[in-house]
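Worksheet for the structure shown next.
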Amino acid sequence: MATTTTSPMGFENVRQPGPLHRILSSQITYVLAALVILMIVMTIGSDKFLTERNLQNVAQNFSYIAIAALGQTLVIILAGIDLSVGSVMAVGAVATSLAMDGSADWGVFIDWPGLALAFAVLAGVAAGGFVGLINGILIARLGLSPFVTTLGMLSVCRSLVYVVTQGRGSPTAGPAKDLFRTLGNEPILGAVPPSLIYMVALALMIWFLLRHMQWGRHVFAIGGNERAAALTGVPVERIKISVYVFCGALAGFTGVLLLSWLGSAPANTAVGYELRVIAASVIGGANLTGGIGGPLGAVTGAALIEVIRNGLILSGVQPYWQDFFVGVFIILAVLLDRIRSKRAG
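Taken in order, the sequence shown gives residues 470 to 814; the numbers are from this note's numbering.
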């Protein structure tokens, strides 16, 4: 319900949106509604949808996209874009695989598999963060276009992965191999995929950073009006670089999880994942013009995309149609945002 307030000058500020209006005007509300409706339709249409195994597959698959989408959403809030996330996932997976293999030659890692695992995971995350650092410096410090820069980095990273692996898979090895597979794939309490727990923890962390830390306020300020943010003393360059590092690190971590799941890092790991990650962010309400977005939207958008994909598979639809429907939902999300913006204006 709309409320009225009175300013210190005595003027009334009418039509302040109430809680219900804010909920109904949020894109996340419509995405959640679409997700619930789609799940109901899938439950009615297929007796396999609500099986424990299928729900575990859905949760595991969507959590991979959601983790990368959390970083992508931060970049989009800045009014940027990162087209390299799929290739960075592959870089993270290969870096982790190589670190695990190399740890077999270090005696301390043989005696302490947990230390070898920490080293390997850190290598994958650091590799992704390093790519993000390069993106951030090129974009924030040299003023290059985010679209062109990250498109170029997509090709650079993918090519390096093929060079390092010689076009073959890079398997897990070393003293931490079994522990790595367990922590990445063994269901918690017999039902919950570990990747889902990691996703929830990361989403909560990013929510806290955005809503309760000065860093988060600066991210929104830059996305809303970069020039105004700079004039008020916001360290624009440093914040931009940190966001791209964050995005790269999360993509690298996603690659680590994919490696744990697959047991190997093929050279074509995460090919085409850029579309799904960006789609999850945009469908979840992140505005490509900047200043709007959040972790809940990224997670919700990723869940909707995976339920659509899973529904198509259960319905026997050819997998070639998957990207078609993802693209349609991107267009609908942008259209919905445009309509809401016009009404708000």
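Just so you know, even glycine gets a beta-carbon here, dropped at the ideal spot from N, CA and C.
Residue closest to Ile-534, alpha-carbon to alpha-carbon, out of Ile-799, Leu-567, Leu-726, Tyr-499: Leu-726
Inside the region 734 to 783 only - alpha helix (DSSP H) runs reaching at least 4 residues: 742 to 752, 764 to 783
Bridge-paired residues (DSSP) for Pro-615: None; Pro-615 has no bridge partner.
Ordered list of alpha helix (DSSP H) runs contained in the region 636 to 664, each at least 4 residues: 646 to 654
Exposure label - Pro-615; buried when at least 16 CB within 10 Å: buried
Cα-Cα separation, Gly-693 to Gly-754: 15 Å
Own chain, CB closer than 8 Å to Ile-666, minus 5 neighbours either side, in chain order: Ile-657
Beta-carbon proximity check, Asn-530 vs Glu-775, cutoff 8 Å: yes
Residues near Pro-764 by beta carbon distance below 6 Å, same chain, minus five either side: Leu-539, Ala-672, Ile-675, Trp-676
Pair within 8 Å by beta-carbon distance, Gly-717 and Val-557: yes
Distance between Ala-697 and Asn-536 (C-alpha atoms, nearest Å): A quick correction: the sequence has Ile, not Asn, at residue 536. About 31 Å.
Three-state secondary structure assigned by DSSP to Asn-694: coil
Within 8 Å, strictly: CB atoms of Met-729 and Gly-653: Per the sequence presented here, residue 729 reads as Ser, with Met not at that position. Yes. Within cutoff.
Contact check, Ile-502 vs Ser-572, beta carbons under 8 Å: One point to set straight first is that residue 502 is Ala, not Ile, in the sequence displayed. Cβ atoms of Ala-502 and Ser-572: not closer than 8 Å.
Integer Cβ distance of Gly-555 from Val-594, believed to fall under 8 Å: 16 Å between Cβ atoms; not a contact.
Nearest-angstrom Cα separation, counted from Gln-683 out to Phe-794: 38 Å
Check whether Ile-782 and Leu-507 have beta carbons under 8 Å apart: no
Thr-618 versus Asp-551, Ser-733, Leu-519, Leu-584, residue with shortest Cα-Cα distance: Asp-551
Residues near Leu-607 by beta carbon distance below 6 Å, same chain, minus five either side: Leu-613, Thr-618
Which listed residue (Ile-710, Gly-638, Gly-598) has its alpha carbon closest to that of Thr-464: Lying before the first or after the last residue shown, residue 464 is absent from the chain, which here runs from 470 to 814.
Buried or exposed by the 16-neighbour rule on C-beta atoms within 10 Å, applied to Tyr-789: exposed
Glu-706 beta carbon less than 8 Å from that of Arg-610: yes
8 Å contact criterion, which Met-511 and Gly-721 should meet: CB distance rounded: With 8 Å as the limit, Met-511 and Gly-721 do not qualify as a contact, their Cβ atoms being about 33 Å apart.
Minimum C-alpha distance to Ile-546 - residue among Arg-686, Ser-784, Leu-700: Arg-686
Counted within 10 angstroms of its Cβ, other Cβ atoms place Arg-637 as buried (16 or more) or exposed: exposed
Whole-Å CB distance - Val-712 paired with Val-544, under 8 Å assumed: 6 Å
Environment of Leu-586 [buried if 16+ CB atoms lie within 10 Å]: buried
Distance between beta carbons of Gly-770 and Ala-734, contact taken as under 8 Å: With a Cβ gap of about 26 Å, Ala-734 and Gly-770 do not count as contacting.
Candidates Asp-806, Ile-710, Val-746: closest to Gly-601 by CA position: Ile-710
Secondary structure of Trp-676, DSSP reduced to three states: helix
Local conformation of Lys-517 per DSSP, three classes: coil
Buried or exposed by the 16-neighbour rule on C-beta atoms within 10 Å, applied to Val-714: buried
Three-state secondary structure (DSSP) of Gly-717: helix
Distance between beta carbons of Ile-497 and Gly-766, contact taken as under 8 Å: 5 Å
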